[in-house]
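K.L.:
The structure is given below, and queries will be raised subsequently.
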Amino acid sequence: MSDTQESWIAFEAAYREKQGEAGCVSREELRSRSGMELLGGIGDGTAPHPPIAELIGFIPVSVEPGVAVFQGTPGFQHYNPSGSVHGGYAATLLDTAVGCAIHSTLPAGKGFTTLELKVNYIRGMTDKTGPVRAEGKVITVGGQVAVAEGRITDANGKLYAFATTTCLIFPI
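For what it's worth, our numbering labels the leading residue of the sequence shown as 1, then goes sequentially.
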């Protein structure tokens with residue numbers, strides 16, 4: 001196991017010790033807090049993490065304006081009938097990373113939803129892959145539409161999938 005992989009595993013264990021309960025923020029919180037404020041609360045455990053993160057088993061690593069990184073460890077529970085991790089696992093990680101990258105740029109009172117997600121799969125994942133990270137980066141954010149891209153890599157930098165997204169920006 002590489003030093004990077006060990007540090008990723010340790011990071012996840014430390015995060016899980018402090019994470020709050022799964023849940024959703026109120027509509028009022030969505031209206032009154034910027035994307036960075038909301039995502040920062042999830043990252044530091046002062047806001048609930050989304051139930052999908054618990055179901056799939058991923059955590060936030062870092063968020064800064066225009067960039068979001070999430071980590072997950074694919075396991076047997078993510079397998080399809082063919083004996084590899086279902087493509088929806090990568091799609092969910094990528095959708096989260098690119099969506100949160102966009103959300104991190106939005107002021108209070110603005111929300112977003114995915115209009116399109118295009119995923120390219122490079123190689124399959126198994127329960128032996130170890131932790132992977134999805135990094136989303138904003139390409140552009142306009143008044144009504146935002147575009148971002150993302151990549152999933154392992155601790156050695158091996159690329160598993162990449163994606164682009166187009167999101168609709170709207171008032172909450």
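All C-beta atoms, glycine included, are put in the ideal place defined by N, C-alpha and C.
A quick note: this is a predicted structure, and the numbers were derived from the prediction, not measured.
Where does threonine 129 sit, in a helix, a strand or coil, going by DSSP?
P.N.:
Here threonine 129 sits in coil by DSSP.
K.L.:
Using three-state DSSP, classify valine 98 as helix, strand or coil.
P.N.:
Of the three classes helix, strand and coil, the one that applies to valine 98 here is helix, per DSSP.
K.L.:
Are there three or more Cβ pairs, one per stretch, closer than 8 Å when the segment 52-62 is compared with the segment 120-127?
P.N.:
No, because fewer than three Cβ pairs between the segment 52-62 and the segment 120-127 fall closer than 8 Å, the two stretches do not touch.
K.L.:
Where phenylalanine 112 and glycine 150 are concerned, what is the direct C-alpha to C-alpha distance, given to the nearest angstrom?
P.N.:
Spanning the two alpha carbons is a distance of roughly 17 Å.
K.L.:
Quick one: complete alpha helix (DSSP H) runs, 4+ long, within the segment 19-83?
P.N.:
Segments of the alpha helix (DSSP H) lying fully in the segment 19-83: 27-32, 35-44 and 51-56.
K.L.:
Could you tell me how far apart the beta carbons of threonine 166 and leucine 115 are, in whole angstroms, since I believe they sit closer than 8 Å?
P.N.:
Threonine 166 to leucine 115, Cβ: 5 Å. Contact.
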